[in-house]
Amino acid sequence: MRQPRSLHLIKDQQALRKVREDDPDFSGTLAKGLMILQSFVSDPRAHANSEFAERLGLPRPTVSRLCRTLQALGFLDHDDRLDRYFIGPAAVTLGYPYVINTPLLPQLRPAMQVLADRFEGAVSVGVTMDLDVVYVETSAHEHGTLKRPGAGAVRGIVETAMGRAWLAQLTTAERNKFLARARSERPDEYERSTEGLKDSLANYAKRGFSINMGDAGLGVLAVGVASGIRYGPRKLLFNCAVPGFRARPSDLLKTIGPQLVQLVNMADRQVGLR
């Protein structure tokens, strides 16, 4: 059986050709359309056809046809005045079934909100996708963290507390293989996260949670816990983030981390995992 290939690994036409050589059944046309949509994840501003063509290494006529098709289906919107494409509302509807079917979210939202209000931050649930964590749900204090992640937000696994919790659950061989990729493909992100990674991985078993002492930037401190709850092939990951100006690193270790562990233990018990 062929292993599913993440679109994140297909950055341009050249990479797509290599995939097609290895797997003749892989749909190149579909992949090109999805590559256009994927461009908005890292760069959400409006794009011109020429930008897609240059970024993805695709012929402009091909890009034009794909964009017109995606527009007709509602996945792109076009501004005639600017002659540029925006992400369309159909892209939002596509993610909705994933969010509403995430296990236990309706039951967990009240407890997540209580924790977010207590620490004046944000409590989130996410899943891994290639080198990233995708946020599925966030409950935030009214005056909580800066740049709070909404549903669909993407952050690097190595730079997030919940991502580090996921890494701590892997076997040594799996973790080393992942970290080698992260170091190779995202050297800047890996470099600024190295010390936090080492601490989280060394102490996760003892503490029960990983930490981010602000080393990933944004002025945010966070703790993360990997639950045993599966959503398809992925585990639900939990994060509690607080502004660095409002909390001290010791708060993560003494109160915030243990409280998040309690929330996740409660969730695990609800599905009979504890």
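Numbering-wise (my numbering), the sequence shown opens with residue 9 and increments by one. We treat Cβ as the ideally placed atom computed from N, Cα and C, and that holds for glycine.
Asked	Found
Using a threshold of 8 Å, state whether the C-beta atoms of L64 and D20 are closer than that.	yes
Check whether the stretch 104-113 touches the stretch 125-144, counting contact only when three or more Cβ pairs, one atom from each stretch, lie closer than 8 Å.	yes
Determine the burial state of T179: buried for a count of at least 16 other Cβ atoms within 10 Å of its Cβ, exposed for fewer.	exposed
Would you grab the beta carbon distance between N247 and M137 for me? Rounded to a whole angstrom, and I think it's under 8 Å.	No, N247 and M137 are not in contact; Cβ-Cβ is about 15 Å, not under 8 Å.
If you draw a straight line from the alpha carbon of L24 to that of I264, how long is it in whole angstroms?	44 Å
So, are the CB atoms of G227 and P251 less than 8 Å apart?	yes
Nearest CA to the CA of Y93: which residue from S72, Y106, K243, N109?	S72
Taking C-beta to C-beta, are Y198 and V166 nearer than 8 Å?	yes
Return the residue from the list Y239, H86, M274 that minimises the CA-CA distance to A54.	H86
In the DSSP assignment, find the unbroken beta strand (DSSP E) run with I237 in it and report its ends.	228-239
Return the chain-ordered ranges of every beta strand (DSSP E) run that is complete within the stretch 70-127 and spans a minimum of 3 residues.	84-87, 92-95
Apart from the five residues on each side of it in sequence, which residues of its chain come closer than 8 Å, Cβ to Cβ, to R28?	F34, G36
At what residues does the alpha helix (DSSP H) containing L38 begin and finish?	36-50
Give the straight-line distance between the Cα atoms of M221 and G204, rounded to the nearest whole angstrom.	7 Å
Mind listing, in chain order, the continuous alpha helix (DSSP H) runs of no fewer than 4 residues lying wholly within the stretch 136-187?	169-176
Taking all protein chains shown into account, do 16 or more other C-beta atoms lie within 10 angstroms of the C-beta of G134, making it buried, or fewer, making it exposed?	buried
Closest to A234 by CA distance: which of R254, Q270, L260 is it?	Q270
In whole angstroms, what is the alpha-carbon distance linking L209 and V272?	19 Å
Using alpha carbons as the reference points, say which of G236, D207, R242 lies closest to V279.	G236
For F60, which three-state DSSP category applies?	helix
Where does V279 fall in DSSP's three states?	coil
Does the CB of V107 have a neighbour CB from chain B at under 8 Å?	Absent from the structure is chain B; it holds one protein chain and no more.
In chain order, what residues of the same chain have a beta carbon less than 7 Å from the beta carbon of Q267, not counting five sequence neighbours either side?	L123
For N109, does the count of other Cβ atoms within 10 angstroms reach 16, so buried, or fall short, so exposed?	exposed
May I ask you to report which of helix, strand or coil DSSP gives V269?	helix
Taking DSSP's pairing of strands, which residues face P251 in a bridge?	V228
Would you call K40 buried or exposed, if buried means 16 or more other Cβ atoms sit within 10 Å of its Cβ?	buried
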